[in-house]
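Enquirer:
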Amino acid sequence: MFNRRQHLTAIALAVLGTGLAQAQDTVKIGVILPMTGQQASTGRQIDAAIKLWVAQNGKKVAGKTIEVIVKDDGSIPDATRRLAQELVVNDKVVALAGFGITPSAMATAPIATQSKTPMVVMAAATSSITEASPYIVRTSFTLPQAAVALAEWSNKNGIKKVVSLVADYGPGFDAEKFFTNQVLLNSGQVMDKLRTPLRAPDFAPVLQKVRDLKPDALFVFLPSGQGAAFMKQFGERGLDKAGIRLIATGDVTDDDQLNDIGDVALGVVNAHHYSAAHPSAMNKKFVADFQAANKFRPNFMAVSGYDGMRVIYKALEASKGQGGDALLAGMKGQIFESPRGMVLIDAQTRDVVHDMYIRKVERKDGQLWNIEFDAVKGMKDPGKAK
Ligand code: PHB
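Each residue of the sequence shown is one higher than the one before, starting from 8 at the first, in the working numbering.
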């Protein structure tokens, strides 16, 4: 017979044992997104895509139950880092994911490194992010991919004199540098390089400047969520009628906002890795299922969230539910069909390799879409070519 003290110890051990068994049966993924603030559409899109992935693929992987924990960082990098720390230390997540803007991803990179926690970047797109930690894997895209693909198209289509306009932070610097360098390499002319603040941008002064300079084309990168305000002002100030062609990264003709932008978007040529109009069977099903669940169209953020979950699930299968280096190894080198087309996670750079499509905004069945008409196939990040 147990005495009272032994009995209590046994209960405590049993409770502890159940707790451990539960902990080992559950694998947690910590997702940090801007659900509020200026980048909230990114959070809404990626959160919806993660939920769709789980609804379609279930919660069991390698015999474990997946638990996704979503935290809102409001796009404040200090909050991103603090939430990542809590998710790693308190919740013992096996992977971190999300990261709406570059500063949030950069702020979290040291935590991924110190704790050996794989960190899947589903939104932020500055080239150097994957170099900030050996535990970072990216499923979004890089601005140099979009900028170089578009500069090659513009050169072949008679655009010689350009002005660039970008958001004044990491991805904007990449877009500006890689677009304008490619224009110069093609013997074109860069008339000016303009920047607007990430928070509360005012487009009036830069648009006036562009009007005065009269380039063949204005090249624009703004982060997802700012495209509609910019495009409306571009139209209101009559730049479209002044013979200045607008070309952009696909962040500006964002599927999340495209129908709100309206006619001023028609004919805008842009480069990106995902269009909701991508004509594959897999994408048609993805868009239909996403819209049925959410009543809004998936954009490029959604597809990156969806693919990020695929990368995590398959890596967990390979690692038998283990985290750390085993999970990271399972992420490297994955090659698969995504709603965007074929995707490779380059084992050396941990960055995404995919097609960069050249698209034109067109009206079809009463709605606006980015219609693909050309592509740079299997494009690596030009920012990595040293
Ligand atoms: C970024 O901060 O890296 C970023 C955010 C939104 C985009 C692209 C890049 O659309």
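Cβ atoms here follow ideal geometry from the backbone N, Cα and C, with glycine treated the same way.
Please indicate yes or no: does the CB of Ser48 lie closer than 7 Å to some heavy atom of ligand 1?
Expert: As a first step, residue 48 must be located in the sequence shown, where it is residue number 41. Answer for Ser48: no, Cβ out of range of ligand 1.
Enquirer: Is Gly177 close to ligand 1? I mean its beta-carbon at under 7 Å from any heavy atom of the ligand.
Expert: Here residue 177 refers to the residue found at position 170 when the sequence shown is read from its first residue. The answer is yes for Gly177.
Enquirer: Measuring straight from C-alpha to C-alpha, what distance separates Ala114 and Ala131?
Expert: The residue given as residue 114 occupies position 107 in the sequence shown. The residue given as residue 131 occupies position 124 in the sequence shown. Their backbone Cα atoms lie some 12 Å apart in a straight line.
Enquirer: Report the rounded CA-to-CA distance for Gly315 versus Asp85, giving the unit in angstroms.
Expert: One-based indexing of the sequence shown puts residue 315 at position 308. One-based indexing of the sequence shown puts residue 85 at position 78. Between Gly315 and Asp85, the C-alpha separation is close to 23 Å.
Enquirer: Please return the same chain residues whose Cβ sits closer than 6 Å to the Cβ of Tyr313, not counting the five positions on each side in sequence.
Expert: In the sequence shown, counting from the first residue as 1, residue 313 sits at position 306. Contacts found: Ala56 and Trp60.
Enquirer: Just to confirm, are Ser311 and Met126 a CB contact at a threshold of 8 Å?
Expert: The count along the sequence shown starts at 1 and reaches residue 311 at position 304. The count along the sequence shown starts at 1 and reaches residue 126 at position 119. Contact flag unset, no.
Enquirer: When DSSP labels each residue in this structure, what does Met363 get in the three-state scheme?
Expert: Within the sequence shown, residue 363 is the residue found at index 356, counting from 1. DSSP places Met363 in strand when its eight states are reduced to three.
Enquirer: Looking only at its own chain, which residues have a Cβ that is under 6 Å from the Cβ of Leu150, when we skip the five neighbours before and after it?
Expert: Your numbering for residue 150 matches position 143 in the sequence shown. Answer for Leu150: Ala132, Pro178, Asp181 and Ala182, listed in chain order.
Enquirer: Let me know the secondary structure DSSP gives Ser231 once reduced to three states.
Expert: As a working mapping, residue 231 is identified with position 224 in the sequence shown. The answer is coil: DSSP assigns Ser231 none of H, G, I, E or B.
Enquirer: Can you tell me where the alpha helix (DSSP H) with Leu205 in it begins and where it stops?
Expert: Translated into positions along the sequence shown, residue 205 becomes position 198. Counting along the chain, Leu205 falls outside any alpha helix (DSSP H), and DSSP gives it neither H nor E.
Enquirer: Once DSSP output is grouped into helix, strand and coil, what is the label at Gln29?
Expert: Counting from one through the sequence shown, the residue named residue 29 turns up at place 22. Since pLDDT at Gln29 reaches only 49, below the 50 mark, its modelled position is unreliable, and the value read off the structure follows with that caveat. The answer is helix: DSSP assigns Gln29 an H, G or I state.
Enquirer: So Val101 and Val34 are in contact, right, with Cβ under 8 Å, and what is the actual spacing, rounded?
Expert: Residue mapping note: residue 101 aligns to position 94 of the sequence shown, counting from 1. Residue mapping note: residue 34 aligns to position 27 of the sequence shown, counting from 1. That pair is a contact at about 5 Å.
Enquirer: Mind checking which residues open and close the beta strand (DSSP E) that includes Lys384?
Expert: Stepping through the sequence shown from its first residue, residue 384 is reached at position 377. Start and end: Gln374 to Met386.
Enquirer: Starting from Leu157, follow the alpha helix (DSSP H) in both directions and report where the run begins and ends.
Expert: If you number the sequence shown from 1, residue 157 lands on position 150. Run containing Leu157: Leu150 to Lys163, per the alpha helix (DSSP H) assignment.
Enquirer: Please report how far the alpha carbon of Lys387 lies from the alpha carbon of Ala158, in whole angstroms.
Expert: Locating residue 387 in the sequence shown gives position 380, counting from the first residue. Locating residue 158 in the sequence shown gives position 151, counting from the first residue. Each residue's alpha carbon lies about 16 Å from the other.
Enquirer: What is the DSSP secondary structure of Ile118, counted as helix, strand or coil?
Expert: If you number the sequence shown from 1, residue 118 lands on position 111. It is helical.
Enquirer: Given this structure, state the Cα-to-Cα distance separating Arg99 from Ala333, to the nearest angstrom.
Expert: Taking the sequence shown and counting its residues from 1, one reaches residue 99 at position 92. Taking the sequence shown and counting its residues from 1, one reaches residue 333 at position 326. In the sequence under discussion, the amino acid at residue 99 is Lys, which differs from the Arg named in the question. If I take the Cα positions, the gap works out to 16 Å.
Enquirer: Can you list the beta strand (DSSP E) stretches of 3 or more residues lying completely in the stretch 63-120, in chain order?
Expert: Counting only runs of 3 or more, we get 71-79 and 102-105.
Enquirer: Starting from the C-beta of Asn193, find all residues in its chain whose C-beta is less than 6 Å away, skip the five residues before and the five after it, and write them out in chain order.
Expert: Locating residue 193 in the sequence shown gives position 186, counting from the first residue. So the qualifying residues of the chain are Asn162.
Enquirer: Give a yes or no on contact between the stretch 104-120 and the stretch 235-249, applying the rule of three or more CB pairs nearer than 8 Å.
Expert: They do not touch, by the three-pair rule.
Enquirer: What does the alpha-carbon distance come out to for the pair Arg370 and Val271?
Expert: Your numbering for residue 370 matches position 363 in the sequence shown. Your numbering for residue 271 matches position 264 in the sequence shown. Computed Cα separation, rounded: 12 Å.
Enquirer: Just to confirm, is the Cβ distance from Leu246 to Val276 under 8 Å?
Expert: As a working note, residue 246 is residue 239 in the sequence shown. As a working note, residue 276 is residue 269 in the sequence shown. Cβ atoms of Leu246 and Val276: not closer than 8 Å.
Enquirer: Report the option in Ser147, Pro230 and Gln189 whose CA atom is closest to the CA atom of Ala4.
Expert: No information on residue 4 is available, as it lies outside the stretch 8 to 393 that the chain covers here.
Enquirer: Could you check whether the Cβ of Asp258 sits closer than 7 Å to any heavy atom belonging to ligand 1?
Expert: By 1-based counting over the sequence shown, the position of residue 258 is 251. Yes, the Cβ of Asp258 comes within 7 Å of a heavy atom of ligand 1.
Enquirer: So, do the stretch 338-346 and the stretch 287-294 have three or more beta carbon pairs nearer to each other than 8 Å?
Expert: Result yes; three or more Cβ-Cβ pairs closer than 8 Å.
Enquirer: Confirm, please, whether the CB-CB distance from Gln92 to Gly232 is below 8 Å.
Expert: Position 225 of the sequence shown, counting from 1, holds the residue named residue 232. Position 85 of the sequence shown, counting from 1, holds the residue named residue 92. No, the pair does not count as a contact, with Cβ atoms beyond the cut-off.
Enquirer: Give me the Cα-Cα distance between Ala283 and Arg88, rounded to the nearest whole angstrom.
Expert: Against the sequence shown, residue 283 aligns to sequence position 276. Against the sequence shown, residue 88 aligns to sequence position 81. Straight-line Cα distance between these residues: approximately 32 Å.
Enquirer: Along the chain, where does the beta strand (DSSP E) that runs through Ile136 open and close?
Expert: Here the question's residue 136 lines up with position 129 in the sequence shown. Looking at the DSSP string, Ile136 is not in any beta strand (DSSP E), and its letter there is neither H nor E.
Enquirer: Work out the CA separation of Leu253 and Gly50 for me, nearest whole Å.
Expert: As a working mapping, residue 50 is identified with position 43 in the sequence shown. As a working mapping, residue 253 is identified with position 246 in the sequence shown. The alpha-carbon atoms of Gly50 and Leu253 are separated by roughly 28 Å.
Enquirer: Could you give the distance in angstroms between the alpha-carbon of Gln29 and the alpha-carbon of Val350?
Expert: If you number the sequence shown from 1, residue 29 lands on position 22. If you number the sequence shown from 1, residue 350 lands on position 343. Its pLDDT being 49, under 50, Gln29 is placed unreliably in this model, and the coordinates cannot settle the point.
Enquirer: Which one of Ile268, Thr72 and Gln63 has the shortest CA to CA distance from Gln329?
Expert: Within the sequence shown, residue 329 is the residue found at index 322, counting from 1. The option with the nearest alpha carbon to Gln329 is Thr72.
Enquirer: Give a single yes or no on whether Ile108 has its beta carbon closer than 7 Å to a heavy atom of ligand 1.
Expert: Counting from 1 along the sequence shown, the entry for residue 108 is found at position 101. Yes.
Enquirer: Enumerate in chain order the residues of its own chain whose CB-to-CB distance from Ile352 is below 7 Å, with the five nearest sequence positions on each side excluded.
Expert: Residue mapping note: residue 352 aligns to position 345 of the sequence shown, counting from 1. The residues are Val144, Val318, Met338, Lys339, Gly340, Gln341 and Val359.
Enquirer: Taking its Cβ as the centre, do 16 or more other Cβ atoms sit within 10 Å of Phe297, making it buried, or is it exposed?
Expert: To locate residue 297, count along the sequence shown from 1; it is residue 290. So Phe297 counts as buried.
Enquirer: Look at the alpha carbon of Phe186 and the alpha carbon of Lys66, and state the distance between them as a whole number of angstroms.
Expert: Along the sequence shown, one-based indexing puts residue 186 at 179. Along the sequence shown, one-based indexing puts residue 66 at 59. Cα to Cα, the separation comes out at about 42 Å.
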